[in-house]
Amino acid sequence: MTLASSAMILTFLLAIVFISATSLGSYASASELNSSRPINGVVMKGAFVTMKQNDNGSLSAPQDYIEDSLKKISGAGLNHVRFVFYWEAYERDPEAFMKEIQSVANAADKYGVKIIYDNHQWHTSSWLEIKATGFPYSLFQDNPKYSRGGGGNTQDKAAKVFWADWWNRSVKDKQGKDGWTLMADFLKKIVLAVDNHSSTLGYEILSEPHVDKINQWSKIGKFNSFITKELRNITSKTIVYSMNVPVDLNSPINISPKNLAKMAPSNKENIAFKVSVYAVPHGDGYQEKRFNLFLKTSDKTGVPLYIGEWNNVVRTKEGGITKLNPDKSELTKTDAKQILGALKKAGVWGTAFWRWDYQPVDTDSFNLVSNKTGKLVPTKYLGILKDTVKTIYGSSGDTSTSNDGKENNLINELVNTGKFTEAEAKE
Numbered sequence: 020m021t022l023a024s025s026a027m028i029l030t031f032l033l034a035i036v037f038i039s040a041t042s043l044g045s046y047a048s049a050s051e052l053n054s055s056r057p058i059n060g061v062v063m064k065g066a067f068v069t070m071k072q073n074d075n076g077s078l079s080a081p082q083d084y085i086e087d088s089l090k091k092i093s094g095a096g097l098n099h100v101r102f103v104f105y106w107e108a109y110e111r112d113p114e115a116f117m118k119e120i121q122s123v124a125n126a127a128d129k130y131g132v133k134i135i136y137d138n139h140q141w142h143t144s145s146w147l148e149i150k151a152t153g154f155p156y157s158l159f160q161d162n163p164k165y166s167r168g169g170g171g172n173t174q175d176k177a178a179k180v181f182w183a184d185w186w187n188r189s190v191k192d193k194q195g196k197d198g199w200t201l202m203a204d205f206l207k208k209i210v211l212a213v214d215n216h217s218s219t220l221g222y223e224i225l226s227e228p229h230v231d232k233i234n235q236w237s238k239i240g241k242f243n244s245f246i247t248k249e250l251r252n253i254t255s256k257t258i259v260y261s262m263n264v265p266v267d268l269n270s271p272i273n274i275s276p277k278n279l280a281k282m283a284p285s286n287k288e289n290i291a292f293k294v295s296v297y298a299v300p301h302g303d304g305y306q307e308k309r310f311n312l313f314l315k316t317s318d319k320t321g322v323p324l325y326i327g328e329w330n331n332v333v334r335t336k337e338g339g340i341t342k343l344n345p346d347k348s349e350l351t352k353t354d355a356k357q358i359l360g361a362l363k364k365a366g367v368w369g370t371a372f373w374r375w376d377y378q379p380v381d382t383d384s385f386n387l388v389s390n391k392t393g394k395l396v397p398t399k400y401l402g403i404l405k406d407t408v409k410t411i412y413g414s415s416g417d418t419s420t421s422n423d424g425k426e427n428n429l430i431n432e433l434v435n436t437g438k439f440t441e442a443e444a445k446e
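Here it is, written out as structure tokens:
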């Protein structure tokens, strides 16, 4: 056999290995989505990635917050984190933002935790409301329609004006670039930074978009289709789209499986539909109807349900408006078992408990850790979550997660010898 023919054979074999590895990567992501065993974990808030754009006085995170958190989450038998970030935090400090995103990916690799990176918004943006976070100021500053402090919640006029423009794709920055393209470019930065990590499970397009009019359902579908198409150019991992707010079964926007299905992207390969559950879904008529609405939507679209937030709350009326009551809201072991039991029975793809955060919250059960002394200390709710997940689903330390952790430890050991680059060690 000639040297040339040997080289050709070697090249051919290497090509087969490369193609097999590439195919395996795509298959791994898809198989996680179709796995009979759900992911179970928490919604985790970071530090720099959750800052409001004009924030200069937030409580500093404890030292090694990311590493310590993921170690504790994994140690509690949980295998998943929905990691919250806000676009306006990136515009505030891109370098600190991306550094924290990368630290999450590295720590999650180390502890075998699967991450969904969640592009979150709450009450639209701190431009519209002091306590809100989400869209960056560059989309508001040069448009007099978006008055500062005008209110970012679903009932506020300023928010309705912005979201109507967003769905019409008429929100632009001062250079005239449209918001959809700007968001796609922003999300691509995150994908390119973490997509090659074994811990990266996927990406959430936009959490809980506002719907104010019936004609906006299909517009959201066009938006989700656009972002999905853009991201599919650089990733085969799971893409998550979210339910809307408000979710009021009696609202004039006509919430129905038919309309909710219109939000789904046209390309539904390796897609999940994120919804929130904040009560036992069969505890009363309203909660059962609400959850069944999501189940029927999943059946209609063929897209699995991802419970991206769950907890148990009590809502009371104040001035004709129903609001969460922090003093009356509580999560017991019985509540947790009933909720997770119902979710398992429904066959959901995965769950994430709200939440894990070093900052204090008004509702005690809304935090799994305390940071009163500058060091993370688990609350009783982490014990409830740990025990309930184990009781309902069994150990979350499944084979794939365990193997991921072992594989990453081996890679680190090889790199530490100084004889291999990270790429060579992975190969």
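Residue 446 is where the sequence shown ends in this note's numbering, and the numbering goes up by one at each step. Every residue, glycine too, gets a C-beta built ideally from N, C-alpha and C.
Note that the region 188-195 does not touch the region 214-234; fewer than 3 beta-carbon pairs, one per stretch, sit closer than 8 Å. Around the C-beta of E107, 16 or more other C-beta atoms lie within 10 Å, and the residue is accordingly described as buried. Sequence-distant partners of F104 (beyond 5 residues in either direction) whose C-beta falls short of 6 Å from its own C-beta, in its chain, are V68. Annotated three-state conformation of V266 is coil, per DSSP.
Membership of V123 in the alpha helix (DSSP H) is indicated by the continuous run P113 to Y130. When the five nearest sequence neighbours on each side are left out, the beta carbons in the same chain lying within less than 8 Å of the beta carbon of I239 are those of W186, P228, V230, N263, K281 and M282, in order along the chain. If the five residues before and after E86 are omitted, its C-beta is found closer than 7 Å to the C-beta atoms of A126, all from its own chain and listed in chain order.
Excluding five sequence positions before and after K164, the CB atoms of its chain that fall closer than 6 Å to its own CB belong to V180, given in chain order.
Of the other Cβ atoms in all chains shown, fewer than 16 fall within 10 Å of the Cβ of V396; this residue is therefore exposed.
Where V408 is concerned, the enclosing alpha helix (DSSP H) starts and stops at K399 to Y412. Taken atom to atom, the span from the alpha-carbon of K193 to that of I272 is near 32 Å. Looking only at A371, N172 and N138, the smallest Cα-Cα distance to S145 is reached by N172. Within the same chain, and ignoring the five residues on either side of V210 in sequence, the residues whose Cβ sits closer than 7 Å to its Cβ are Y222, L250, I253 and T254. Inter-segment contact for the region 71-89 and the region 397-406 is absent: fewer than three beta-carbon pairs are separated by less than 8 Å. Counting along the chain, no alpha helix (DSSP H) covers V68, and no H or E run does either.
With respect to W373, N330 sits close: the two C-beta atoms are nearer than 8 Å. Taking 8 Å as the cut-off, the Cβ atoms of G153 and Q174 do not count as close. Taking C-alpha positions only, V213 is separated from I274 by approximately 35 Å. Boundaries for K164: no beta strand (DSSP E) harbours it, and the DSSP string shows neither H nor E there. Taking a C-beta distance under 8 Å as the contact criterion, G327 and K293 qualify as a contact pair.
Cβ contact annotation for Y130 (same chain, cutoff 6 Å, sequence separation greater than five): L89, K90 and S93, in chain order. The three-state secondary structure of F372, taken from DSSP, is strand. Setting aside the 5 residues that flank it on each side, S77 is surrounded in the same chain by M70, each with a C-beta closer than 7 Å to its C-beta; the list follows chain order.
Contact between A178 and T143 is confirmed by a C-beta separation of about 5 Å, below the 8 Å threshold. Annotated as distal: V61 and V123, with beta-carbon spacing of 8 Å or more. Between the alpha carbons of S237 and S285 lies a gap of roughly 11 Å.
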